[in-house]
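Participant:
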Amino acid sequence: MARAKKTEPSIEAFNPSSYFPAPTLPDVSKAPKVRQSGHYVDQKLKYTYPEQRQMTIFEILDPDVIGKVEKYDVRYEGIRLTPPEERLLNGIYKLLRDKSETKDIKSPTFYKGNYDGGQITEWGGEAHKRALISLKPTEMYMAYLGRDDYSGKEIMEVNKTLEGLAGKRFLMIYDRVRSVQVNKGKTETRTDRIEKYAPLIELVKYTRDLTDEELKRLDKGDERIRQAKGEIILALNPILTDQIQTKYVEYPEDINRRMIIAVGGDAKRVTQAMHILSAWCAREISNKRYKSEINADKLPYVLKLDKYIQESRRKLIQTTIENAVQACKNLGLILDVSLEAGKAGQLKYVFTLNKDY
DNA sequence: GGACACTCCACCCATGCGAG
DNA sequence: CTCGCATGGGTGGAGTGTCC
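Right under this line is the structure:
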């Protein structure tokens with residue numbers, strides 16, 4: 005099957021540094037960190053490899069979920085985000101940290117936001133209260149952009165991404181493992197299978213203390229009143245906080261800035277593949293795997309390059325991977341990388357990861 | 001000072017196409 | 001099947017101005 009072609013990844017040709025130079029980034033080990041839930045990262049890293057494609061989504065789904073899914077065109081399981089959406093989520097997690105209890109892991113408000121008003125819902129067999137964040141628009145813009153000056157166009161861009169993401173549903177299937185108290189203080193492990201088809205965030209724009217004059221203008225469609233007066237209230241999908249006490253990965257709080265610096269200063273160069281690979285590295289590190297391997301034929305699927313695969317754009321796949329690797333090296337996530345021959349003769353990437361990240 | 005609106009520019013990535 | 005090339009859309013960003 006695997007024929008030796010010129011564009012196959014080869015050990016000699018693997019040279020990720022050619023695209024952009026290594027910039028100097030602030031020491032990452034000193035940067036304050038933000039938690040992201042392990043379940044969320046897992047969903048981002050889900051992928052489908054050809055052999056496992058026989059089983060359709062409908063065969064593995066809870067019948068209860070199928071009805072909802074069929075109305076829409078669901079092609080993927082897991083969370084698939086565009087680069088601006090990734091950037092937004094990073095910002096939202098930073099805001100969540102800033103506006104939550106973060107010291108006391110046992111606190112019920114740990115990473116649960118600053119707004120009390122969510123109703124308790126059932127989530128995978130447990131009562132769950134969604135995290136809600138109340139914030140000023142400017143905080144959202146700063147968290148997204150990673151700086152405090154911005155133009156009107158950037159505001160529009162952030163709002164567009166925010167509203168777009170709130171309207172996007174994802175099919176998320178995961179297991180939550182928890183221990184429960186049984187008789188005589190013994191604990192047992194229980195696993196809840198959670199299947200949901202839902203958006204990651206829900207957006208509530210609030211308008212308060214309006215004068216009659218302002219109310220009239222709002223009715224006439226003057227959106228500026230709402231924006232200036234109001235606060236944004238974000239409700240987070242439970243997957244974003246579920247078991248974040250124990251299952252999480254950490255990013256430096258200025259990851260959005262770092263990512264841009266890491267590709268040479270232009271945010272447009274930040275690809276989806278870079279976001280995914282950085283998430284993959286961060287997860288390996290949080291699992292304390294600092295020497296990590298992945299087969300070369302698998303990596304394109306992990307990085308969600310399946311469109312390129314379908315179109316047989318091998319060269320493009322290879323450069324996308326090399327750039328993503330280089331970006332993660334520049335970020336300080338990857339210390340070293342090599343392409344080696346595996347036991348079965350297959351090629352595999354071997355990453356040495358930064359345990360101080 | 002904050003929240004935009006509008007304009008202008010650079011250029012990256014996705015996509016289509018033709019060629020071998 | 002795979003490549004390189006060209007094109008066009010779209011995003012990021014800077015600058016300036018307005019309104020409250």
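Heads up, the final residue of the first sequence is numbered 361 in the numbering used here, and it's a clean run with no missing numbers.
All C-beta atoms in this analysis are idealised placements derived from N, C-alpha and C, irrespective of residue type, glycine included.
#1: Shortest alpha-carbon distance to residue 342 belongs to which of 352, 243, 335, 348?
#2: How many Å lie between residue 90 and residue 279 at the Cα?
#3: Quick check on residue 110: does DSSP put it in helix, strand or coil?
#4: State the Cα-Cα distance for the pair residue 92 and residue 304, rounded to the nearest angstrom.
#5: Leaving out the 5 sequence neighbours to the left and right, which residues in its chain are closer than 7 Å to residue 261 when beta-carbon positions are compared?
#6: Identify every residue that forms a DSSP beta bridge with residue 40.
#7: Leaving aside the five residues before and after residue 18 along the sequence, list all residues of the same chain whose C-beta is less than 6 Å from its C-beta, in chain order.
#8: Along the alpha helix (DSSP H) that carries residue 196, what are the first and last residues, could you check?
#9: Where does residue 282 fall in DSSP's three states?
#10: For residue 334, report the span of its alpha helix (DSSP H) as first-last.
#11: Out of 126, 332, 164, 155, state which residue places its alpha-carbon closest to the alpha-carbon of residue 243.
#12: Closer than 6 Å by C-beta to residue 152: which residues in its own chain qualify, once you throw out the five before and the five after it? Chain order, please.
#13: For the pair the segment 164-173 and the segment 197-206, tell me if three or more CB-CB distances fall below 8 Å.
#14: Skipping 5 residues on each side, what residues in its chain have a beta carbon closer than 6 Å to that of residue 196?
#15: Under 8 Å by Cβ, that's how I've got residue 163 and residue 138 pegged, so tell me the actual separation to the nearest angstrom.
#16: What is the residue span of the alpha helix (DSSP H) that residue 306 lies within?
Facilitator: Quick answer:
#1: 352
#2: 7 Å
#3: coil
#4: 24 Å
#5: 150
#6: 253
#7: At residue 18, the pLDDT of 48 sits below 50, so the modelled position is not reliable; the number obtained from the coordinates is stated separately. Around residue 18: 343.
#8: Not the alpha helix (DSSP H): residue 196 falls in the beta strand (DSSP E), residues 191-203.
#9: In this structure, residue 282 counts as helix in the three-state DSSP scheme.
#10: Its alpha helix (DSSP H) spans residues 318-335.
#11: Taking residue 243 as reference, the option from 126, 332, 164, 155 with the minimal CA-CA separation is 126.
#12: 146
#13: yes
#14: 128, 129, 180
#15: With a Cβ gap of about 17 Å, residue 163 and residue 138 do not count as contacting.
#16: 303-306
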